[in-house]
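Residue numbers (the working numbering): 826 to 1035.
Note that the Cβ used here is the ideal one computed from N, Cα and C, for glycine as well.
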């Protein structure tokens, strides 16, 4: 299934899941059911409480709220429609150039280049946003890293960068990752786009990060 179709399906399914959950929450707190609901279902919720206390059933990320598991690893920022918003190919090349110059990587590219954002995970923490990336407005750096990687993998962007003196080898592939500062784990994204020729490079990266 094309990525665009997956995005549409995931968006529709997420909307339905959230609507059903909202209806369930309204039922739980309604005047006609709140007392009877607690009396009849309270015992079952104790198992859920114990499971969460032991680390089971925790949400992997707030960004997955309402998204089915099979969609989670392939959804990400898209370059579709940016031209209609004023982000022309020339401006995208400008953006890629500023990103690479900003991190000081304009030559000597490795076969695998990883843009790594940072973030955290937690439950019931009112200060959660303060543990994520301040430069990303209190969100994780995942979206920025994935957009940067996708941008630098575009052939027209590479051609434009080459005309400006930044030549990216054909065998260089950009990936995005997120460093979870709570668990110190490294999550690599969009592996379905990784060429099979770079599998060993990824294994070396994962070994180094473990």
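Could you tell me which whole beta strand (DSSP E) segments of length 3 or greater appear in the stretch 920 to 959?
If we require 3 residues or more, the beta strand (DSSP E) runs fully inside the stretch 920 to 959 come out as 937 to 944.
Got a sec: does the ligand ATP put a non-hydrogen atom nearer than 8 Å to the Cβ of residue 947?
Among the components of this structure there are no ligands whatsoever, and the ligand ATP is therefore not found.
Where does residue 904 sit, in a helix, a strand or coil, going by DSSP?
Taking the chain shown and counting its residues from 1, the one referred to as residue 904 is at position 79. Residue 904 falls in the coil class under three-state DSSP.
Check whether the Cβ atoms of residue 1011 and residue 940 lie closer than 9 Å to each other.
Within the chain shown, the letter at position 186 stands for residue 1011. Within the chain shown, the letter at position 115 stands for residue 940. No. Outside cutoff.
Touching by the beta-carbon criterion (3+ pairs, under 8 Å), the stretch 1013 to 1024 and the stretch 948 to 961
Not touching, per the Cβ criterion.
Going by other Cβ atoms of all chains shown within 10 Å of its Cβ, with 16 needed for buried, is residue 970 buried or exposed?
Taking the chain shown and counting its residues from 1, the one referred to as residue 970 is at position 145. Taking all protein chains in view, the Cβ of residue 970 is crowded by 16 or more other Cβ atoms within 10 Å, so the residue is classified as buried.
Considering only residues of the same chain and omitting the five flanking positions on each side of residue 986, which have a CB-CB separation below 7 Å?
Position 161 of the chain shown holds residue 986. For residue 986, same chain residues with a beta-carbon under 7 Å away, outside a window of 5 residues either side, are 918, 921, 922 and 993 in chain order.
Quickly, what does DSSP pair residue 964 with across the bridge? List them, please.
For this step, residue 964 is matched to residue 139 along the chain shown. Answer by DSSP bridge pairing, in chain order: 958.
For the alpha helix (DSSP H) that contains residue 1027, what are its first and last residues?
Numbered from 1 along the chain shown, position 202 holds the residue referred to as residue 1027. First-last of the alpha helix (DSSP H) with residue 1027: 1024 to 1034.
According to the neighbour-count rule (16 or more other Cβ atoms, all chains shown, within 10 Å of its Cβ), is residue 1017 buried or exposed?
Numbered from 1 along the chain shown, position 192 holds the residue referred to as residue 1017. With fewer than 16 other Cβ atoms within 10 Å, it is exposed.
Classify residue 885: buried if its beta carbon has 16 or more other beta carbons within 10 angstroms, exposed otherwise.
One-based indexing of the chain shown puts residue 885 at position 60. Residue placement at residue 885 is poorly supported in this model, since its pLDDT is 48, which falls under 50; the coordinates still yield a value, given next. Counting Cβ neighbours within 10 Å, residue 885 comes out exposed, since fewer than 16 surround it.
Residue 1003 lies in the beta strand (DSSP E); which residues open and close that run?
Along the chain shown, one-based indexing puts residue 1003 at 178. First-last of the beta strand (DSSP E) with residue 1003: 998 to 1005.
Answer with buried or exposed for residue 854, where buried requires no fewer than 16 other C-beta atoms within 10 angstroms of its C-beta.
Within the chain shown, numbered from 1, the residue matching residue 854 stands at position 29. Exposed, by the Cβ-count rule.
Inter-residue spacing [alpha-carbon to alpha-carbon] between residue 983 and residue 977
Sequence index remark: in the chain shown, residue 983 carries index 158 (1-based). Sequence index remark: in the chain shown, residue 977 carries index 152 (1-based). Those two C-alpha atoms are separated by around 7 Å.
Quick check on DSSP: helix, strand or coil for residue 879?
Numbered from its first residue, the chain shown carries residue 879 at position 54. Secondary structure at residue 879: coil, using DSSP grouped into helix, strand and coil.
For residue 1003 and residue 965, which I take to be in contact (beta-carbon distance under 8 Å), what is that distance rounded to the nearest angstrom?
For the purposes of this step, residue 1003 is taken as the residue at position 178 of the chain shown. For the purposes of this step, residue 965 is taken as the residue at position 140 of the chain shown. Beta-carbon to beta-carbon, residue 1003 and residue 965 are separated by about 6 Å, close enough to satisfy the 8 Å threshold.
Report yes if the CB atom of residue 1014 is closer than 9 Å to the CB atom of residue 973, and no otherwise.
Within the chain shown, numbered from 1, the residue matching residue 1014 stands at position 189. Within the chain shown, numbered from 1, the residue matching residue 973 stands at position 148. Going by beta carbons, residue 1014 and residue 973 fall outside the 9 Å limit.
Where residue 976 falls: helix, strand or coil (DSSP)
To locate residue 976, count along the chain shown from 1; it is residue 151. DSSP places residue 976 in helix when its eight states are reduced to three.
Rounded to whole angstroms, what's the CA-CA distance from residue 1034 to residue 1009? Just pull it up for me.
Residue numbering aside, residue 1034 sits at position 209 when the chain shown is read from its first letter. Residue numbering aside, residue 1009 sits at position 184 when the chain shown is read from its first letter. Those two C-alpha atoms are separated by around 9 Å.
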